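Protein chains: 2
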Amino acid sequence: MKATSDIDSGKPTHAVEQQRGSLRSHVENTVRAAIFDGLYPAGQKLVERELCDLTGASRSILREALVSLEVSGLIERESNRGYRVSLLSARQVYEIFELRASLETLAAELFAERASDAEMQQLAQLLEDLEACIASGDLTQMRLVKERYYELLFSGCRNREIRRALENIIDRVHYLRGRLMSDPDRRQKSLEEMRRLTAALLARDRLQARAASIAHLTAARDTVLEGMLRKDETETAGLMQ
Amino acid sequence: MKATSDIDSGKPTHAVEQQRGSLRSHVENTVRAAIFDGLYPAGQKLVERELCDLTGASRSILREALVSLEVSGLIERESNRGYRVSLLSARQVYEIFELRASLETLAAELFAERASDAEMQQLAQLLEDLEACIASGDLTQMRLVKERYYELLFSGCRNREIRRALENIIDRVHYLRGRLMSDPDRRQKSLEEMRRLTAALLARDRLQARAASIAHLTAARDTVLEGMLRKDETETAGLMQ
DNA sequence: TCGATCGAAATTGTATGCAAAACTACCGCA
DNA sequence: TGCGGTAGTTTTGCATACAATTTCGATCGA
């Protein structure tokens with residue numbers, strides 16, 4: 001069941017495991033979680049001392065963690081003015097999805113060619129699990145299964161660099177997903193797309209897998225962008241630039 | 001001529017500009033340069049105090065810079081044991097090229113569709129410059145022009161995230177290029193491949209551009225891997241794992 | 001000679017301190 | 001009222017100091 005244990009190259013996906021790189025990764029995860037939970041919305045200034053209180057760490061450690069988050073693009077730094085949560089314009093979201101599509105599609109193509117039969121079987125199982133989650137409406141579980149599905153994809157494609165590269169944008173992807181992907185109607189369509197992707201992967205059909213992956217991410221992108229535009233209209237001013 | 005000025009999202013490509021993010025990016029660049037220059041070969045332990053002397057910075061700043069280099073994969077950290085320059089196995093190099101091919105090819109495809117006529121013209125000019133460099137044998141200049149060529153590609157594709165993602169592996173790519181791409185015979189072939197790529201881009205032919213980009217990077221990959229194997233044979237032991 | 005053990009030196013991990021820059025609020029003045 | 005300047009506070013940038021861990025070497029015993 002623990003198919004993900006060997007691809008753990010660095011920071012944990014979310015706030016799993018308090019202690020690993022000991023303090024720094026803990027601090028990093030805490031700050032990341034705070035941003036995801038909406039404690040610090042996009043554009044918000046991040047005061048170091050405040051984050052020290054939040055995480056319990058001293059400023060040296062905190063600042064190292066912030067550097068890491070900065071590289072992944074979740075926060076931005078301005079000279080002598082500290083950090084703030086990155087603002088994501090619709091344009092940037094579009095670009096992120098374009099990149100993500102390229103990387104995930106590559107992973108899918110490679111998975112189709114390189115995954116072991118056991119991994120294929122696991123993939124099929126995870127799709128079943130996903131169907132069950134959506135049928136029962138357990139969103140938390142669904143999210144978890146989905147994450148496992150992608151973990152499997154990234155380990156089965158036999159290229160750790162892809163996952164590493166995605167790691168650097170995955171924060172912002174998750175951020176978006178958490179805030180905007182609550183569309184109920186979207187879930188059914190998404191499931192259908194993942195069925196097609198899975199079928200192509202199981203058949204080891206690289207071209208079909210490519211097509212299915214692109215279709216899936218294009219649809220996801222459009223949903224997110226649509227959500228952003230709706231939100232922009234709703235809100236008084238455009239905090240989003 | 002300064003086509004790159006607006007895509008500058010973070011650390012400078014190399015050791016350009018001493019002062020920007022003020023100290024940290026300077027320290028980061030100095031350490032990076034030291035690694036590129038072979039002062040710290042692959043696998044070498046990085047002692048913090050030593051790097052402080054090298055860069056003139058204090059440990060706090062240095063450590064922040066190291067975090068940044070760690071995220072980009074150039075160095076690795078082991079708990080309570082500090083940093084060392086990452087070892088690159090042939091397998092990892094293969095994976096890096098696979099990823100790089102995907103990203104650069106995406107950039108090329110998008111460039112073909114989105115670049116302005118002015119950018120097309122600049123691209124043609126840079127190819128000419130490159131031909132001149134190779135004809136005259138000025139390798140330093142050649143490298144610079146090549147970098148400009150890719151900068152243009154990344155800005156013309158209208159997707160900054162691609163460049164950002166590449167930034168995180170580009171260090172290791174440059175590292176490889178510096179150490180192994182000195183094959184004289186390779187330069188001619190490389191030029192020929194870039195001619196084809198440029199022609200496809202100028203024609204705004206996305207499919208051809210894709211094909212040319214993939215061909216270029218596949219050839220580069222094979223050259224590098226070949227070089228690595230030769231080196232492995234030559235050297236007594238395999239420092240490369 | 002080899003291995004184990006112990007202790008000092010070196011190195012990393014973490015916390016704190018100081019100086020400079022940026023922000024805030026208040027005041028005087030046109 | 002509105003504007004500019006200025007003092008004080010906050011916050012960041014950078015450096016140093018202390019604690020914990022690892023590394024290395026010497027000593028001792030089999």
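Keeping their order, the protein sequence lines are chains A and R.
With the numbering used here, the residue at position 52 of the first sequence is 52, and numbering never jumps.
With the numbering used here, the residue at position 67 of the second sequence is 67, and numbering never jumps.
Beta carbons are placed, not taken as given, at the ideal position from N, Cα and C, and that holds for glycine.
Bear in mind that the values here come from a model prediction, so they are computed numbers and not experimental data.
Cα-Cα separation, residue i to residue j
i: Ala65 of chain A; j: Thr55 of chain R; result: 22 Å
i: Ser9 of chain R; j: Ser136 of chain A; result: In this prediction, Ser9 of chain R scores a pLDDT of 35, lower than 50, which makes its location untrustworthy; no coordinate-derived value is stated.
i: Ser60 of chain R; j: Val47 of chain R; result: 14 Å
i: Thr218 of chain A; j: Glu76 of chain R; result: 35 Å
i: Asp243 of chain R; j: Ala57 of chain A; result: The question about residue 243 of chain R has no answer here: the residues shown for chain R are numbered 1 through 241.
i: Arg302 of chain A; j: Arg196 of chain A; result: Since the first and last residues shown for chain A are 1 and 241, residue 302 of chain A lies out of range.
i: Gln92 of chain R; j: Lys231 of chain A; result: 43 Å
i: Ile35 of chain A; j: Leu202 of chain R; result: 44 Å
i: Leu88 of chain A; j: Ala42 of chain A; result: 8 Å
i: Gly227 of chain R; j: Ala215 of chain R; result: 18 Å
i: Tyr149 of chain A; j: Cys157 of chain R; result: 31 Å
i: Glu78 of chain A; j: Glu113 of chain A; result: 44 Å
i: Arg187 of chain R; j: Ala211 of chain R; result: 19 Å
i: Leu62 of chain R; j: Tyr175 of chain R; result: 21 Å
i: Gly294 of chain R; j: Ala132 of chain A; result: Here chain R covers residues 1 to 241 and nothing more, so residue 294 of chain R does not appear.
i: Asn159 of chain A; j: Ile162 of chain R; result: 18 Å
i: Glu151 of chain A; j: Gln122 of chain A; result: 11 Å
i: Leu153 of chain R; j: Ser190 of chain R; result: 17 Å
i: Arg221 of chain R; j: Thr198 of chain A; result: 30 Å
i: Arg204 of chain R; j: Phe111 of chain R; result: 8 Å
i: Val243 of chain A; j: Val85 of chain R; result: Residue 243 of chain A lies beyond the stretch modelled for chain A, which goes from 1 to 241, so this question has no answer here.
i: Asn80 of chain R; j: Glu28 of chain R; result: 21 Å
CB contact below 8 Å: residue i versus chain A
i: Ala165 of chain R; result: yes
i: Val67 of chain R; result: yes
i: Leu51 of chain R; result: no
i: Gly156 of chain R; result: no
i: Ala209 of chain R; result: no
Residues that residue i bridges to, as DSSP identifies them
i: Val85 of chain R; result: R:Ile75
i: Leu217 of chain R; result: In DSSP, Leu217 of chain R forms no bridge with anything.
i: Lys45 of chain A; result: A:Arg84
Chain R within 8 Å of residue i, Cβ atoms only
i: Ile170 of chain A; result: no
i: Val224 of chain A; result: no
i: Ser116 of chain A; result: no
i: Gly73 of chain A; result: yes
i: Leu229 of chain A; result: no
Any non-hydrogen atom of the ligand ATP within 7 Å of residue i CB
i: Leu66 of chain R; result: With respect to small molecules bound, the structure shown includes none, and the ligand ATP cannot be examined in it.
Per-residue contacts from residue i into chain R (C-beta, under 8 Å)
i: Asn159 of chain A; result: Glu95, Glu98, Leu99
Residue i: contacting residues in chain R (beta-carbon distance under 7 Å)
i: Gln64 of chain A; result: The question names Gln, but residue 64 of chain A in the sequence shown is Glu. Chain R residues near Glu64 of chain A: Arg63, Glu64, Val67.
i: Leu106 of chain A; result: Ser102
Neighbouring residues, chain A, relative to residue i (Cβ below 7 Å)
i: Ile162 of chain R; result: Leu99
Within chain A, the residues that residue i reaches when beta carbons sit closer than 8 Å
i: Ser60 of chain R; result: Ser60, Arg63
*Taking only runs that begin and end inside the region 89-158 of chain R, name each unbroken alpha helix (DSSP H) of 4 or more residues, in chain order.*
90-114, 117-136, 139-156
*Ignoring anything shorter than 3 residues or poking outside the region 159-209 of chain A, list the beta strand (DSSP E) runs there in chain order.*
none
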